[in-house]
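Residue numbers (the numbering used here): 34 to 693. Read the structure below first, then the notes.
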Amino acid sequence: MCLFFFIPRTESILLMADCTIALLGADKKTMVPVGTPLAEALKELVSNKQRKQMVAYRANGELYDLSTPVVTDLEIELVPADSPAGLEILRHSCAHLMAHAVLDLFGAEVKVAIGPAIEDGFYYDFDRSQPFTPEDLEKIEARMQQLTGGALPFSRRNVSLAEAREFFAGHNQDYKLEILDEIEGDSVSLYQVGEFTDLCRGPHVPHSGLLQAYKLTRLAGAYWRGDEKRPMLQRIYGTAFANARDLKEYLEKLEEARKRDHRKLGRELELFTIQDQIGPGLILWQPKGAMLRKLIEDQWREEHYRHDYELLYTPHIARRDLWKTSGHLDFYGENMYAAMEIDEVSYQLKPMNCPFHIAIYNTRKRSYREFPIRWCELGTVYRYEKTGALHGLMRVRGFTQDDAHIFCRPDQLEEEIFNILDLNLRILRMFGFDNYDIYLSTRPEKFVGSDENWQQATEALKLALEKKGLAFEIDPGEGVFYGPKIDIKIKDVLGRSWQCSTIQVDFNLPERFAISYTGADDQAHQPIMIHRALMGSLERFFGVLIEHYAGAFPVWLAPVQARLMNITDSQLEYGEKIYLELRQLGVRVEKDLRNEKLNYKIREAQVQKIPYMLIIGDKEMEAGQVTVRQRDGQNLPPMTVAEFAAMIGEQSTAEKNLAG
Ligand SMILES: [Zn+2]
Ligand SMILES: [Zn+2]
């Protein structure tokens, strides 16, 4: 029985008593004297082998170091190194160890900033006048290895703020002092491993010997506090796992992701380019990328036509007053670009298409009979993103949304959501995505609209998801202030998640623009407005597609489906003739009729990941045929160009219909 309150981090215990430690979910208990480190108590509860895999424990929902002295009865859960919480602790501990190694190697001139665990790894930010090099990473890693060999304990001590200040001032660690300035309360905890002491809440692994499977992965610049006006620091990224096998698997996946990087493939396959003279975050679509986009857009329009949508086009700028009415200036102003004056009136670039669609809605009186109104637009919008946040096609400053707005009556909402989901999943499947996570976000703390509206709409979204037989998670309170929403995150070949589709109910804009329709009762009512985007942004979706297919697009999407190549100059004329025939037949074909070795031409086409190579020699010319070589190196029997075109057509249809 223990006589104390639950204060596990108290270091000096005066009274002696026994505490009971019970292992949650297992029928195991032990008694230890107050003040015993928890790790000691574990000897009675789990095997030695198990104990060595534990990095911390959880009690009452909080994580603690295994070295924490026991001061009360506890029901604990052990945290193994390979659990999500365990990995986070492991990675964060690696960050400390890395900082230790950096200070050892590069001396006192280095200032340390922060070093958290992140998804899949960790980083630490350093302030050092000279840049780190990739060779430095190797040296740092080697030094870390020496340190882990020693199994140095991570020890925690609580000190007063004044002591902490004195300590970090003595070591010239200005960033730590700045962090200390913002801490409220009178004491902080410090963690020491070897000769490195850091300001840290913990918990940490018991000793550095547990850190065996790690790798420093890359260098980057990062502003202190993410603020462009503060110093630029050097960030070293690393990753760590519970064992060498998991690390190896992760590094292989990372390498695969690197090979598929859309920025690299975009350059090699000449799909798109981003240039300084144009501006960061602004995409230039090269001919092959543009062809792919056209194919996506055509398919998108066709699907929307089939699902009874109508198409709109709207301008890129509008009077500033419109954005006042819509609320964008108040709620979204910092993402919008500065106003421009035209004839002494202020205009702004659009960050969203919605107000334009509402303006079209308002061109005349609407009746309940014409509902639902489904309007879609491939609308190009401009939103400010910090330079540091920009990333290839994934994070840009100008992009095209595959937008749509649906105006309907409350009793139509569920069916409309069902229809949107149907179209949404069909389009995603077409592009090879049939793995996704779906989230339903409910009312946040700040919201507009009545309780009743929110409840009804949330229920409608839920019922539609259920009717469609889709598993989903509820994200409580994560809805937008104007209504509940459904988000769909697709998973690519490498299992990475991408947020693409969003379906949002809106009680706000219809109110702000005071739009209405005449109901069956001859009275004016406010319609429900749904915003939705399926691919999200064409730019981003394109980036995801490039990485998903590693640039080897299926035939229906391939910007170039076939490249025609001759063996010698004697087939030149025949080549020119069938090249035109293929184009007439709608095949997306390129020709390579240069006087080069065939093997050389084949290799080039392979690098470009073109699905088919059409090879012509004398034999083919005489038979009026082509030899068809597939991207994977296999040959198909010779065929005429008409047969080839028919085959391509069938394959494209099949690929899309696989999609169902
Ligand atoms: Zn720490
Ligand atoms: Zn909208």
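Glycine included, every Cβ here is placed at the ideal spot set by N, Cα and C.
Quiz item: Assuming L542 contacts C441 under a Cβ cut-off of 8 Å, what Cβ separation, rounded to an integer in Å, is found between them?
Solution: Actually they are not in contact, since the Cβ atoms of L542 and C441 sit about 14 Å apart, beyond 8 Å.
Self-check item: Cut-off 7 Å between Cβ atoms - residues of its own chain near L185, not counting five sequence neighbours on either side
Solution: V226, G227, H240 and S241, listed in sequence order.
Exercise. State yes or no: is the C-beta of N386 nearer than 7 Å to some heavy atom of ligand 2?
Key: yes
Practice problem: Quick one: residues in its chain with C-beta nearer than 8 Å to the C-beta of K248, no 5 flanking neighbours on either side, listed in chain order? | Solution: E174, G271, T272, A273, L280 and L284
Quiz item: Considering R300, what are the terminal residues of the alpha helix (DSSP H) in which it resides?
Solution: H295 to E301
Quiz item: Is R353 closer than 8 Å to Y25 when the C-beta atoms are compared?
Solution: As displayed, the chain neither begins before 34 nor continues past 693, which places residue 25 out of reach and without an answer.
Quiz item: By Cβ distance below 8 Å, which residues in the same chain neighbour N395 in space, the five residues on each side in sequence not counted?
Solution: F546 and I548.
Exercise. Compute the minimum distance between the beta carbon of H240 and the heavy atoms of ligand 1, and state whether it is under 7 Å.
Key: no
Quiz item: Does the region 458-466 come close enough to the region 508-525 to have 3 or more Cβ pairs within less than 8 Å?
Solution: Yes, the region 458-466 is in contact with the region 508-525.
Quiz item: Does the Cβ-Cβ distance between V88 and A55 come in under 8 Å?
Solution: no
Quiz prompt | Cα-Cα separation between T491 and L344, rounded to whole angstroms | solution = 28 Å
Self-check item: Best match in R190, V593 and L423 for proximity to K624 [C-alpha to C-alpha]
Solution: V593
Quiz item: Considering I212, what are the terminal residues of the alpha helix (DSSP H) in which it resides?
Solution: D207 to D214
Self-check item: Validate contact between the region 494-512 and the region 442-456 using beta carbons, cut 8 Å, 3 pairs
Solution: yes
Exercise. Give me the Cα-Cα distance between A638 and R596, rounded to the nearest whole angstrom.
Key: When rounded, the distance between both Cα atoms is 7 Å.
Quiz item: For ligand 2, any of its heavy atoms closer than 7 Å to the Cβ of H701?
Solution: The structure shown does not extend to residue 701, since the chain spans only 34 to 693, so no value can be given for it.
Practice problem: Would you mind listing the alpha helix (DSSP H) stretches within the region 582-621 that are 4+ residues and don't spill past its ends, in chain order? | Solution: 605-617
Exercise. Drop a sphere of 10 angstroms on the beta-carbon of T181, count the other beta-carbons inside from all chains shown, and report buried for 16 or more, exposed for fewer.
Key: buried
Quiz prompt | Nearest to G584 (by Cα), restricted to the options F404, G569, F389 and E289 | solution = E289
Quiz prompt | For C233: DSSP bridge partner residues | solution = Looking at the DSSP assignment, C233 forms no beta bridge with any residue, so it has no partner.
Quiz item: ligand 1 heavy atoms versus the CB of D231: any closer than 7 Å?
Solution: Within the chosen limit of 7 Å, ligand 1 reaches the beta carbon of D231 through at least one heavy atom.
Self-check item: Continuous alpha helix (DSSP H) assignments of at least 4 residues falling wholly in the region 49-93
Solution: 71-75 and 81-84
Quiz item: What are the partner residues of I391, as DSSP defines its beta bridges?
Solution: Bridge partners of I391: none, in fact.
Quiz item: Roughly how far, in whole angstroms, is the beta-carbon of A275 from the beta-carbon of G516, given that I think they are within contact range, below 8 Å?
Solution: About 43 Å separates the two Cβ atoms, so there is no contact after all.
Quiz item: Could you check where the alpha helix (DSSP H) with D651 kicks off and where it finishes?
Solution: That run of the alpha helix (DSSP H) goes D651 to A656.
Self-check item: Three-state secondary structure (DSSP) of E683
Solution: helix
Practice problem: Tell me whether T230 is buried or exposed, calling it buried when 16 or more other Cβ atoms sit within 10 Å of its Cβ. | Solution: buried
Practice problem: Could you name the residues of the same chain whose beta carbon sits closer than 7 Å to that of N599, not counting the 5 residues immediately before and after it, in chain order? | Solution: L605, G608, L626 and I649
Quiz item: Do N191 and S222 have their C-beta atoms closer together than 8 Å?
Solution: S222 sits close to N191, with the two beta carbons spaced by under 8 Å.
Quiz prompt | Cβ-based neighbour list, R268, same chain, cut-off 6 Å, excluding 5 preceding and 5 following | solution = Once the five neighbours on either side are set aside, the close Cβ partners of R268 are Y156, D158, A253 and A255.
Quiz item: ligand 1 heavy atoms versus the CB of G738: any closer than 7 Å?
Solution: As displayed, the chain neither begins before 34 nor continues past 693, which places residue 738 out of reach and without an answer.
Quiz item: Cα separation between E121 and R234?
Solution: 13 Å
Practice problem: Keeping to the same chain, check which residues put their C-beta closer than 7 Å to that of L355; ignore five residues upstream and five downstream. | Solution: P388
Quiz item: What residue range is occupied by the uninterrupted beta strand (DSSP E) comprising P644?
Solution: Premise fails: P644 is in no beta strand (DSSP E) and is neither H nor E.
Quiz item: Tell me which same chain residues have a C-beta within less than 8 Å of the C-beta of K144, skipping the five on either side of it?
Solution: F159, D160, R161, N205, Q206, D207 and Y208
Quiz item: Looking at C-alpha atoms only, which residue of G425, L382, G68 and L461 is the closest neighbour of Y365?
Solution: L382
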